[in-house]
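Enquirer: Below: one structure in structure tokens.
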Amino acid sequence: MANKVTTALGQALASVFIAVRQYGWIFVLLFVAVLAISAITEREAAHISAVQAVVEPLPENANLVEPEELLALLQSSFTKPLDELMLSDVDIERVEEVLEAQAFVGDAEAYVDADLVLHITAEQRIPLLRVIADNGQNYYLDLDGVRLPLSPNYTVRVPVVTGKVVAWSNDYLDQSAHQLNQLMELGHYLRKDAFLNALIEQIDLTASGELVLAPKLGDQLIYLGRYDKRETPKRLERLKIFYREGLPYEGWRKYRSFDLRYADQVVAKKV
Numbered sequence: 001m002a003n004k005v006t007t008a009l010g011q012a013l014a015s016v017f018i019a020v021r022q023y024g025w026i027f028v029l030l031f032v033a034v035l036a037i038s039a040i041t042e043r044e045a046a047h048i049s050a051v052q053a054v055v056e057p058l059p060e061n062a063n064l065v066e067p068e069e070l071l072a073l074l075q076s077s078f079t080k081p082l083d084e085l086m087l088s089d090v091d092i093e094r095v096e097e098v099l100e101a102q103a104f105v106g107d108a109e110a111y112v113d114a115d116l117v118l119h120i121t122a123e124q125r126i127p128l129l130r131v132i133a134d135n136g137q138n139y140y141l142d143l144d145g146v147r148l149p150l151s152p153n154y155t156v157r158v159p160v161v162t163g164k165v166v167a168w169s170n171d172y173l174d175q176s177a178h179q180l181n182q183l184m185e186l187g188h189y190l191r192k193d194a195f196l197n198a199l200i201e202q203i204d205l206t207a208s209g210e211l212v213l214a215p216k217l218g219d220q221l222i223y224l225g226r227y228d229k230r231e232t233p234k235r236l237e238r239l240k241i242f243y244r245e246g247l248p249y250e251g252w253r254k255y256r257s258f259d260l261r262y263a264d265q266v267v268a269k270k271v
């Protein structure tokens, strides 16, 4: 009888050993999963230790919006102080959306590091033109054609558009013949050309829709005529050639205007 009991016990232990060998990895995985869930739960309940904001400066090393302003904007979107936030309170996608709603922010990135520091980095929109129209409008147009308000922190030195500028229209980028769309094309052309970018300070629109440019140095007026996708770049190229080859001999101070509206020539009028 004792032998039968011993044999049965041995068989039972052997079955348990085999089961452990076959299915033990399941218990290990369950144990690891419990530890992971516990760690995640503990981390989610932990408080944010700090918030660090960085604003990438404009090419002229300036900011239209300061980090402190972004922190204040972020604070206003939460119901409790930033230093009292738990990790579970921080929705990274929402943080980025809040920051990108700021007028001067084009793109924002946010993440929480291993030390529970919330990092936010904002890329500023870059102004292309400033519009100061006769109808009272005063704003920037950025590289993407987005209208920006003026900044209390910094005034960007970009070509200023004055005169009879049409009223703002949200869909102007969809209309190739729209005056603002044409101004955007001209602005990009000037910006990409190092010589013209350094030369032109003002773009004035007359009542007839013609463009009159003013250089940064001197009192000359440059009559460009109506904007034309093909002709305007050609006229500006003639202007560059005239400045480089014609003016050094005479001196720009001797001229009061340059007229580019005539085919293949620059009509210069002396003082």
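Numbered according to full-length UniProt numbering, the sequence shown spans residues 1 to 271.
By construction, the Cβ of each residue, glycine as well, lies at the ideal position given by its N, Cα and C atoms.
All figures in this text were calculated on a predicted structure; none of them were measured in a lab.
Taking the alpha-carbon positions, what's the G106 to L221 distance?
Expert: Translated into positions along the sequence shown, residue 106 becomes position 106. Translated into positions along the sequence shown, residue 221 becomes position 221. G106 and L221: Cα-Cα distance of roughly 35 Å.
Enquirer: How long is the line joining the alpha carbons of A122 and E56, rounded to whole angstroms?
Expert: Here residue 122 refers to the residue found at position 122 when the sequence shown is read from its first residue. Here residue 56 refers to the residue found at position 56 when the sequence shown is read from its first residue. Straight-line Cα distance between these residues: approximately 6 Å.
Enquirer: Report the start-end ranges of each alpha helix (DSSP H) in the region 91-177 that is 4 residues or longer and not cut off at the edges.
Expert: For the region 91-177, whole alpha helix (DSSP H) runs of length 4 or above, ordered along the chain, are 92-100.
Enquirer: Check S76 in the structure and name its three-state DSSP category.
Expert: The count along the sequence shown starts at 1 and reaches residue 76 at position 76. In this structure, S76 counts as helix in the three-state DSSP scheme.
Enquirer: Under the rule that 16 or more other beta-carbon atoms within 10 Å means buried, what is T232, buried or exposed?
Expert: By 1-based counting over the sequence shown, the position of residue 232 is 232. T232 comes out buried.
Enquirer: Quick test of your reading: L205 and V160, contact by CB under 8 Å. State the CB separation rounded to the nearest angstrom.
Expert: Translated into the one-based positions of the sequence shown, residue 205 becomes position 205. Translated into the one-based positions of the sequence shown, residue 160 becomes position 160. About 11 Å; that fails the 8 Å criterion.
Enquirer: Where do the ends of the alpha helix (DSSP H) carrying I241 lie?
Expert: Translated into positions along the sequence shown, residue 241 becomes position 241. E231 to I241 is the extent of the alpha helix (DSSP H) around I241.
Enquirer: Measure how close the beta-carbons of D219 and R256 come, nearest whole angstrom, since I'm counting them as under 8 Å.
Expert: Locating residue 219 in the sequence shown gives position 219, where the first residue counts as 1. Locating residue 256 in the sequence shown gives position 256, where the first residue counts as 1. 7 Å between Cβ atoms; contact.
Enquirer: Nearest-angstrom Cα distance between K240 and K216?
Expert: Taking the sequence shown and counting its residues from 1, the one referred to as residue 240 is at position 240. Taking the sequence shown and counting its residues from 1, the one referred to as residue 216 is at position 216. K240 and K216: Cα-Cα distance of roughly 15 Å.
Enquirer: Return yes when the Cβ of T162 is within less than 8 Å of the Cβ of A133, no when it is not.
Expert: Residue 133 sits at position 133 when you count from the first residue of the sequence shown. Residue 162 sits at position 162 when you count from the first residue of the sequence shown. In this structure, T162 lies closer than 8 Å to A133 by Cβ.
Enquirer: Which partner residues of P215 appear in the DSSP bridge assignment?
Expert: Residue 215 sits at position 215 when you count from the first residue of the sequence shown. BP columns for P215 point to I200.
Enquirer: With A110 and E96 assumed to form a contact (beta carbons below 8 Å), what rounded beta-carbon distance in angstroms separates them?
Expert: Position 110 of the sequence shown, counting from 1, holds the residue named residue 110. Position 96 of the sequence shown, counting from 1, holds the residue named residue 96. Rounded, the Cβ-Cβ distance is 5 Å, consistent with contact.
Enquirer: Heavy atom of the ligand HEM less than 7 Å from the Cβ of G136, yes or no?
Expert: Ligands are entirely absent from the displayed structure, and the ligand HEM is therefore not among its contents.
Enquirer: For E185, which of P149, A198, R147 and L129 has the nearest alpha-carbon?
Expert: For the purposes of this step, residue 185 is identified with residue 185 of the sequence shown, where counting begins at 1. Selected option, being the one with the closest Cα: L129.
Enquirer: Have a look at the DSSP bridge pairing and note the partners of K269.
Expert: Taking the first residue of the sequence shown as position 1, residue 269 is located at position 269. Per DSSP, S257.
Enquirer: Over what stretch of residues does the alpha helix (DSSP H) that includes G187 continue unbroken?
Expert: Translated into positions along the sequence shown, residue 187 becomes position 187. Per DSSP, G187 belongs to the alpha helix (DSSP H) from Q179 to K192.
Enquirer: Where does R235 land, buried or exposed, given buried means 16+ other C-beta within 10 angstroms?
Expert: On the sequence shown, position 235 is the one that residue 235 refers to. By the 10 Å Cβ count, R235 comes out buried.
Enquirer: DSSP three-state label for E56, please.
Expert: Position 56 of the sequence shown, counting from 1, holds the residue named residue 56. In this structure, E56 counts as strand in the three-state DSSP scheme.
Enquirer: Quick one: grab the DSSP three-state call for L221.
Expert: Translated into the one-based positions of the sequence shown, residue 221 becomes position 221. If DSSP states are grouped into helix, strand and coil, L221 belongs with the strands.
Enquirer: By DSSP, does L87 sit in helix, in strand, or in coil?
Expert: Along the sequence shown, read from residue 1 onward, the residue named residue 87 stands at position 87. Correct three-state label for L87: helix.
Enquirer: Exposed or buried, I92, counting other C-beta atoms within 10 Å across all chains shown (16 or more means buried)?
Expert: Counting from one through the sequence shown, the residue named residue 92 turns up at place 92. With fewer than 16 other Cβ atoms within 10 Å, it is exposed.
Enquirer: At the level of alpha carbons, what is the spacing between A195 and E237?
Expert: Sequence index remark: in the sequence shown, residue 195 carries index 195 (1-based). Sequence index remark: in the sequence shown, residue 237 carries index 237 (1-based). Residue 195 is actually Phe in this sequence, not Ala. Cα to Cα, the separation comes out at about 10 Å.
Enquirer: Would you mind stating whether W168 and Q137 have Cβ atoms separated by less than 8 Å?
Expert: Sequence index remark: in the sequence shown, residue 168 carries index 168 (1-based). Sequence index remark: in the sequence shown, residue 137 carries index 137 (1-based). Cβ distance < 8 Å, so W168 and Q137 count as in contact.
Enquirer: Am I right that N181 and Y189 are in contact with their C-beta atoms under 8 Å? What's the rounded C-beta distance?
Expert: As a first step, residue 181 must be located in the sequence shown, where it is residue number 181. As a first step, residue 189 must be located in the sequence shown, where it is residue number 189. Contact flag wrong, Cβ pair sits at about 13 Å.
Enquirer: What's the call for S88, buried or exposed, on a 16-neighbour Cβ count within 10 Å?
Expert: Position 88 of the sequence shown holds residue 88. Burial call: exposed.
Enquirer: Contact defined as beta carbons within less than 8 Å: I believe E104 pairs with L143. What is the distance between those atoms, to the nearest angstrom?
Expert: Taking the first residue of the sequence shown as position 1, residue 104 is located at position 104. Taking the first residue of the sequence shown as position 1, residue 143 is located at position 143. According to the sequence shown, residue 104 is Phe rather than Glu. F104 to L143, Cβ: 13 Å. No contact.
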